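Data first, discussion second: the structure below is written as structure tokens.
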Amino acid sequence: MSDWKSDQGWGPDFDAAMKPYALKGLEPARVILVYRKQLKVLSHRGEHWARTGGRMIHKAHDQGDLPAVGDWVAARIPESGEALVNAVLPRRSAFVRKVAGENATPQVLGTNLDTVLVVMGLDRDFSLRRLERFMTLAWESKATPVVVLNKADLAQDLATDLEVVKDITRGAAIFTVSALTGEGLAPLRDYVGPGKTVALLGSSGVGKSTLVNRLVGAEVMVTGDLKDDGRGRHTTTKRELIVLPGGGAIIDTPGLREVQMWAAEGGLAKTFDDIEALAKSCRFSDCRHLAEPGCAVKAALEAGELEDVRFDSWLELQREIEWLQKPGDTRGRPESKRRARLGHGKR
Ligand SMILES: Nc1nc2c(ncn2[C@@H]2O[C@H](COP(=O)(O)OP(=O)(O)OP(=O)(O)O)[C@@H](O)[C@H]2O)c(=O)[nH]1
Ligand SMILES: [Mg+2]
Ligand SMILES: [Zn+2]
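In the numbering used here, the protein residues as written are 75 to 421.
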């Protein structure tokens, strides 16, 4: 039998982490589906329905500690019936956002990823500000972010769109594709294959599942049109890992309406390295870039070298991250009002 574990990216790090559990008779398995409290895991014997052990739930600090799609876990897997997950092995990478609403709760959208495909539509989905949010969390995930601009067949001005995206994605690879016509897809296949895990993230209807089907070469995911009532129907409702017949894994996720920050200072510094570099040459090291003398950020804004909207975006994401770091009882409301005022979602 071929080694299903290395096919799924297993390595010496997981071997070492698994050892104490293996001594207790637990088996390694990979989480391939999460839907509310239900899990599905893959082991050397195939797929099993599973649930999270009570002790694990009790010990978990928050949602972020519980099994997520892509996780390697130590599980007790009976001959028949549900498997029980006892522990999550330390993650190599994880894409995490804050759940929508006023609770400071993390939601782990995919783990042990090599590549995050940040998918954006070249139709009305196009939003640089939202892309900055995705990129910040993607850099923070420790996986490699790759920008996929889909629906090239619908683009009004592809060259300009590509240029403005290049300006804000700080060296990440960018591909313009059409999942519909197949145009531009070939280079994406480099991110897929034995030992590799790639996840697709983006708003609803951008074509994530259509891309998955293209990359797999079969209709493994249901795709669908968005309703025009503005509420948006999500076609994909579960986070799911697809085991590829030729080895490797693709994680498809439901579209995200909001992408709020989770702890992501490193990701922020990477996404906004232009502003961070400017800020280093401000006269005062604690410059807030408001009215301080010798402020390099302000100078760049005034010279038109830095766009107001990008500066606002940086401040806003920074504020969201700081909000999370405050003790719960001093937090107040999150930044939702401000976000509305900035025209979140618009170019
Ligand atoms: N014109 C055009 N339509 C596309 C393209 N890719 C996907 N679509 C269409 O866009 C719609 C949404 O595609 P999905 O793949 O279901 O989108 P999704 O990102 O998976 O959406 P959720 O599962 O709701 O998050 C479908 O009608 C697709 O046929 C493309 O490159 N060009
Ligand atoms: Mg989908
Ligand atoms: Zn300054």
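In this text, a Cβ means the ideal position worked out from N, Cα and C, and glycines have one as well. Computed from a prediction, not measured in an experiment: that's the story for all the values here.
Item, Value
"Length of the line joining the Cα atoms of Leu289 and Lys282", "11 Å"
"Own chain, CB closer than 6 Å to Asp81, minus 5 neighbours either side, in chain order", "Pro268 and Gly321"
"Contacts around Asp199, its chain only, beta-carbon distance under 6 Å, and the 5 residues preceding and following it disregarded", "Ser277 and Val280"
"Cβ neighbours of Tyr95 in the same chain (closer than 7 Å, five flanking residues each side left out)", "Ala148, Asn160 and Ala161"
"Rounded C-alpha distance that separates Val272 from Arg384", "28 Å"
"8 Å Cβ shell around Arg405 - same chain, five flanking residues per side excluded", "Ala178 and Trp397"
"Assigned secondary structure, Thr284 (DSSP; H/G/I helix, E/B strand, else coil)", "helix"
"Exposure label - Ala229; buried when at least 16 CB within 10 Å", "buried"
"Stretch-stretch touch, CB-based, cutoff 8 Å, three pairs: the stretch 338–346 with the stretch 207–217", "yes"
"Proximity test, Met295 beta-carbon vs ligand 2 heavy atom, cut-off 8 Å", "yes"
"Chain-order list of residues whose beta-carbon lies under 8 Å from that of Lys133 (same chain, five-residue window excluded)", "Asp139"
"Distance, Thr250 Cα to Gly258 Cα", "6 Å"
"Same chain only: Cβ atoms within 7 Å of Ala41, ignoring 5 sequence neighbours per side", "Since the first residue of the chain shown is 75 and the last is 421, residue 41 is not available in this structure."
"Ser387 classed as buried or exposed, judged by whether at least 16 other C-beta atoms fall within 10 angstroms", "buried"
"Cα-Cα separation, Thr284 to Glu339", "32 Å"
"Contact the stretch 309–320 vs the stretch 353–361: 3+ CB pairs below 8 Å", "no"
"Contact under 9 Å by Cβ, Leu391 with Leu183", "no"
"For Lys93, the first and last residue of its enclosing alpha helix (DSSP H)", "Pro86 to Leu97"
"DSSP three-state assignment for Asp264, whether helix, strand or coil", "helix"
"Beta-ladder partner(s) of Ala247, from DSSP", "Val220"
"For Asp326: DSSP bridge partner residues", "Leu274 and Glu314"
"Ser117, DSSP secondary structure in three states", "strand"
"Distance CB(Val286)-CB(Ala247) smaller than 9 Å", "no"
"Span of the alpha helix (DSSP H) around Pro238", "Note that residue 238 is Val in the sequence shown here, rather than Pro. Unbroken alpha helix (DSSP H) run through Val238: Leu232 to Ile242."
"Neighbourhood of Gly296 by C-beta, 8 Å cutoff - its chain only, sequence neighbours within 5 removed", "Per the sequence shown, residue 296 should be read as Val rather than Gly. The residues are Ser283, Thr309 and Thr310."
"Runs of beta strand (DSSP E) wholly within the stretch 97–184 (minimum 3 residues, chain order)", "101–109, 112–117, 120–126, 146–150, 157–162 and 168–172"
"Where Met295 falls: helix, strand or coil (DSSP)", "coil"
"Ligand 1 heavy atom lying under 8 Å from the CB of Ala273", "no"
"Three-state class that DSSP yields for Thr255 in the structure shown", "coil"
"Beta-ladder partner(s) of Gln334, from DSSP", "Lys172"
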